[in-house]
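All remarks here apply to the structure that follows.
Residue numbers (this note's numbering): 230 to 927.
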């Protein structure tokens, strides 16, 4: 049969878009599937989609696109059908959406049409035709909509064939509020695919949370509870991924609690699976969760979840005490207790993680797709109508088609590819327990023999003239195996900087940059540098443009700031030396070197803690003294000197103090510290430690 999903904008990255793409891709194995997006805002979708699924836009808002609707005056006229709470003026729905959606629903040849948000459900009820099955979806929960929108949705539900919620509990709530409605109301969970990322081994001292930073997620409770956790286990760390309006509120509270070196606000990260796999525990502290996609994502990665037992998703996903823990809503003590119970029991954490991976399989999109197929069949049978036959797109040429690409263009491109040898490398990169990197390149679109991987250093501004590095690619050993390359950190020397990866085909000189599927940095969390000088560190990452790259550091020796804490009187730094040690009679110091001569340098004594450990306290008063005659806000870069009697040449040079180790490429964006009277420690773009101070008297 032909199945059509109505989405508002298929070019974003929200949860409804992800679940729709997952379900459409799963159904495409047996059916013809299209996604009808009301708005088109980009040339291609951001999320992966089965190539057989066609995306059909109704309104193209790209100003530069041929036939663009960006200047259509109907976009500025209000809708006649959608309540204001959903229309948001004319932003979400307007007179043009009224016109285009009505026309589509009148003309479509689909056998099933599924509307994925309230406004689209209302349109489907108003303009949908009885010749196809009409299904609405609720991706939130019953009581969360504004009153006028709730009333409009209730009226629309009564005119549909079926209505699905993402939990059985919410389906029951809908049925209770709509006792006279004959529409089939059922709970069908979201499909969440298993990940190709290596699962967590439960060893890292890291708790992970992820989602929009909005009030309903109650990350403020997680921050409050972490104060209790950090007091008992200061070596454990919390990362919160996502962005949203609560970010400054959370940042302020983290600083007030003195947890800047214990909680990191990581910002948005896609794909998120690599970050779940780094954690040993996941945390969800929401006031409500219609489903809980992040819970299932974490479970797929072998991470047990501590979640509030809020309406309605967590309690249907997690089996308390077996594959995760449920705690009371809004209770910071209970959240902390749940986290501590897993932090303090390694075996329980591992066993729950294994059980979580098993439990997550029931949300495989293929299984949820079967439930939808059963619903389609039952709805047609209830009408006394024959169930439409499968009309799935078949054949290798159609398999090459990208969403929204015309068939003529697809066929022309397929013919060209029979003549040309495609070279479109797409790779994952994994860091093993020894710190070596394995690049795994999908064999699809990798035509040729004797292919090679090149690493090219970007922005060669230091005059080193670093030559590109070429590594052989090992061909696939089986039909489904990837091309592989090993970057051995003992055998290779990579100059400090950023390196881009390309695949080169010697026969015709083709050279293509490597796209990044996953940059798996879990192996970096507990990794130590090689014991001998020089110090080096490699972090694979995904660029903004979606390519695989490496950030590398290479120094004769290095002073790693393991902890940075700014209290009321001073900045306290503790860390370790790498590539060198303190001489027995050393008198080490931290020297603060001003940039551009804007202020005076100053020196602070360092306490050596054994051959490689150190601790330094930098009083604010000393910083103010050095800034006393500055004409502009001064900045000091911090270096560590081993002492005047240091013998070896490498030891004689000052060491930059920084925070390089671990898996974070740009710590200037994540490791943020509060200012005291304007004095603030911070990490530079190179992850070196610096201190800034306001102009005296300003």
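By construction, the Cβ of each residue, glycine as well, lies at the ideal position given by its N, Cα and C atoms. Predicted, not measured: the structure shown is a model, and the values here were computed from it.
For residue i, the three-state DSSP class (helix, strand or coil)
i           : result
residue 300 : coil
residue 244 : helix
residue 405 : helix
residue 714 : strand
residue 514 : coil
residue 232 : strand
residue 313 : helix
residue 609 : helix
residue 331 : helix
residue 238 : strand
residue 529 : helix
residue 785 : coil
residue 508 : coil
residue 251 : helix
residue 594 : helix
residue 320 : coil
residue 749 : strand
residue 617 : coil
residue 550 : coil
residue 646 : For residue 646, the pLDDT reaches just 46, beneath the cut-off of 50, and the residue's location in the model is therefore unreliable, although a value from the coordinates is still provided. The answer is helix: DSSP assigns residue 646 an H, G or I state.
residue 740 : strand
residue 680 : coil
residue 601 : helix
residue 280 : coil
residue 815 : coil
residue 584 : helix
residue 569 : helix
residue 909 : strand
residue 263 : strand
residue 701 : strand
residue 575 : helix
residue 561 : helix
residue 837 : strand
residue 790 : strand
residue 543 : helix
residue 496 : strand
residue 921 : strand
For residue j and residue i, believed in contact at Cβ under 8 Å, the rounded distance
i           : j           : result
residue 868 : residue 885 : 6 Å
residue 443 : residue 469 : At roughly 12 Å, the Cβ-Cβ gap does not stay under 8 Å, so residue 443 and residue 469 are not in contact.
residue 682 : residue 668 : 6 Å
residue 664 : residue 752 : 7 Å
residue 810 : residue 791 : Actually they are not in contact, since the Cβ atoms of residue 810 and residue 791 sit about 16 Å apart, beyond 8 Å.
residue 278 : residue 313 : Going by Cβ atoms, the distance from residue 278 to residue 313 rounds to 32 Å, so no, they are not a contact pair.
residue 452 : residue 481 : With 8 Å as the limit, residue 452 and residue 481 do not qualify as a contact, their Cβ atoms being about 10 Å apart.
residue 436 : residue 554 : The pair is not a contact, with the Cβ atoms about 12 Å apart (cut-off 8 Å).
residue 594 : residue 230 : Their Cβ separation, rounded to whole angstroms, is 18 Å, which puts residue 594 and residue 230 out of contact at 8 Å.
residue 287 : residue 262 : The pair is not a contact, with the Cβ atoms about 17 Å apart (cut-off 8 Å).
For residue i, the residue or residues it bridges with in DSSP
i           : result
residue 719 : Answer is none; residue 719 lacks a bridge partner.
residue 675 : 652
residue 765 : 783
residue 669 : 657, 713
residue 770 : 778
residue 831 : 821
residue 803 : 792, 844
Contact test: residue i Cβ vs the ligand MG heavy atom, cutoff 7 Å
i           : result
residue 816 : Ligands are entirely absent from the displayed structure, and the ligand MG is therefore not among its contents.
Given residue i as reference, the closest of the options once Cα atoms are compared
i           : options            : result
residue 526 : 538, 512, 539      : 512
residue 883 : 917, 839, 819      : 819
residue 570 : 479, 544, 457, 499 : 457
residue 709 : 845, 730, 718, 671 : 671
residue 754 : 729, 506, 783      : 506
residue 813 : 773, 902, 871, 786 : 871
residue 371 : 388, 349, 389, 395 : 395
residue 796 : 327, 903, 858, 739 : 903
residue 698 : 779, 747, 291      : 779
residue 746 : 565, 528, 594, 771 : 771
residue 356 : 340, 334, 803      : 334
residue 685 : 656, 360, 742      : 742
residue 283 : 309, 515, 256      : 256
residue 264 : 258, 271, 281, 272 : 281
residue 918 : 909, 925, 924      : 909
Quiz item: Unbroken beta strand (DSSP E) runs of length 3 or more, entirely within the stretch 841–892: which are they?
Solution: 842–848, 864–870, 884–887
Practice problem: Taking only runs that begin and end inside the stretch 335–420, name each unbroken beta strand (DSSP E) of 3 or more residues, in chain order. | Solution: 341–344, 362–367, 391–394, 413–416
Quiz prompt | Every unbroken alpha helix (DSSP H) inside the stretch 407–483 [4 residues or more] | solution = 448–461
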